[in-house]
Structures are given as C-alpha cells and as structure tokens.
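Plus 104 on top of the position in the sequence shown (first one is 1) and you've got my numbering. Just so it is clear, CB atoms sit at the ideal spot from N, CA and C, and this is done for glycine as well. Please read the structure below before turning to the comments.
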Amino acid sequence: MQTSGPTSPAQTTATLDPAEVARFSALASDWWNPDGPMKPLHELGPARLEYLRDEIKRHFRRETLTDRPLLGLRILDVGCGGGLVCEPLTRMGGAVSGVDPSGDAINAARLHADSQGLSIDYRAARIEDIVAAGETFDVVTCLEVVEHIPEPAAFLATAAKAVRPGGLLIASTLNRTMASYALAIVAAEYVLRWLPRGTHDWNRFVTPDEMAIYFKRAGIDAPRFTGLVLDPIRDRWHLSSDTAVNYFASGAKV
C-alpha cells in the first residue's frame, strides 16, 4: 500500500479532489503543531471532542459511563489527516481506524500515535476501499471533510455504507451562508490569516437542509444538528444551537 505520498487519482472524481489531497499532503509535517497551519483544528478540538463523546454516548445509551465510554465500539474517521480526532477517541476506549487519501498525512498520524503508545489502524486509502472490503463500523465520522469534496451527496452515500445497521454517521462542515463567507473565508483566510488562502471554496459549503437530504438518500435517519461557534471574547469554541457557520450532523443507519 502506498504510504509515502498522495494516493489520489489523476483526475477529480465525485468523492475526491486531487488538488485538495495535495494541499493537505503539503501540510503533513505540521498536523501536530498547535501554532502552525492546523492551529484552527487544534483550537476547536475540545468542543469537537465534547460533541463526539456525548453524541456517541447518547446514541449507544452510555450516558452514565465516564471512564473509557467508547470501549468496544469500532469507529472509522474518514479523512483523518494526521489523527487529531483518532487519538482522543482511542483514549476514550474506541477501536479506531483512520483513513485518508494522503499517504503523507497517514505517515504523520502513524508516527505521532507510535510516540504516544497508541494502537490505531491508519490506512492510506479512500472510503471506497473500506466499502469494497465489506467493512462496517459502529460509528463513521467525516469531520471538516465534506466541504472539500466535489459531490458531497455521493461521498456521504459511500460513507454511509460503512456504517452498520443501527450505527451512527457523524459529519461536520460549514453552512453556505453570508456569515460563513465572511467568517470562514474573508476573516479566517484574508484578514486574520488563520488558514492559508484558498483553503475553502464557499460554493462547496453545505446547508443543513441539503445535508438532511443527503443523509436520507444514504439511508440515514434525519440528522440532529448542533452548531459550533467561536466566542471571540474568551477565544474558545463552544457547542451551540447556531448553525449559521459551523455545524455537526448526526444520524443513525436505518
């Protein structure tokens, strides 16, 4: 299996854009640098993990569990990058697999996991490879990935095939609103320079209404939506009912 570079095809497909893979491959050495290009992901990490933990516990009726609440659950993180989500989910007890078409990102993920003494099943692969192998998981996550995909409906339909019946599909992305254009692109990329210019294409952002349609077509129950909002005064992210910019969608496999 290729592990030293992007495994993307030469041309854009419905579920993968090689230019996006190359962009994130070039940042592979900085995935775990909290002050580097991935700083925004590190900063929203605590709120994102709070959501994942509580949503998974709620769905599998594990609300009373505090120590390793994800123990025994098979979890697949699609577009895992350097493993920023895979590692904490593993520490919560999950049997975690992470897939990404960037071999460079997977190499960075493996090196960091090894340095932490964590056993995580990382693969330089696409979600199509997982589905072709017939693998299914209790939880499949697609976090900050959908907005980089040419055809999110096709991508989510494929990801849903890796969710076992009764399992959970969780996606997070950006809403296509004027607020998201102002904050996620103009402010984040051009004014504050939190992200490299060109990181996002506003036309690829997905509204909650569109996400609900994609989930339904994929055989997933109507999703629960939760917003993710930055408090500029406290300089921290928190969960909210406001889905105008960032949001999560969570639904069960029918």
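Tell me, please, whether the segment 164-183 touches the segment 196-209 by the rule of three or more beta-carbon pairs shorter than 8 Å.
-> Judged by Cβ distances under 8 Å, the segment 164-183 makes contact with the segment 196-209, as three or more pairs qualify.
In the DSSP assignment, what residue or residues form a beta bridge with His342?
-> Val333
Name the DSSP beta bridge partners of Thr347, please?
-> Within the DSSP bridge table, the entry for Thr347 names no partner.
Quick one: what does DSSP say Thr111 is sitting in, helix, strand or coil?
-> In this predicted model, Thr111 has a pLDDT of only 39, less than 50, meaning its place in the structure is not dependable; the value taken from the coordinates is given anyway. Three-state DSSP puts Thr111 in coil, outside helix and strand.
How would you write the range of the beta strand (DSSP E) that Ala266 sits in, first residue to last?
-> Counting along the chain, Ala266 falls outside any beta strand (DSSP E), and DSSP gives it neither H nor E.
So what does Thr245 bridge to, in DSSP terms?
-> Asp181, Ile274
What's the C-alpha gap between Thr311 and Thr194?
-> 30 Å
What are the start and end residues of the alpha helix (DSSP H) that includes Tyr318?
-> Residues 312-321.
Count the other CB atoms, across all protein chains shown, that sit within 10 Å of the CB of Tyr226; report buried if there are 16 or more and exposed otherwise.
-> buried
What residue does the alpha helix (DSSP H) around Asp218 start on, and which one ends it?
-> 207-219
By Cβ distance below 8 Å, which residues in the same chain neighbour Asp233 in space, the five residues on each side in sequence not counted?
-> Val203, Arg227
What distance in whole Å lies between the Cβ atoms of Ala348 and Asn279, which are believed to be in contact at a cut-off of 8 Å?
-> 6 Å
In chain order, what residues of the same chain lie with their CB nearer than 8 Å to the CB of Glu293, ignoring the 5 residues before and after it?
-> Leu299, Pro300, Arg301, Gly302, Thr303, His304
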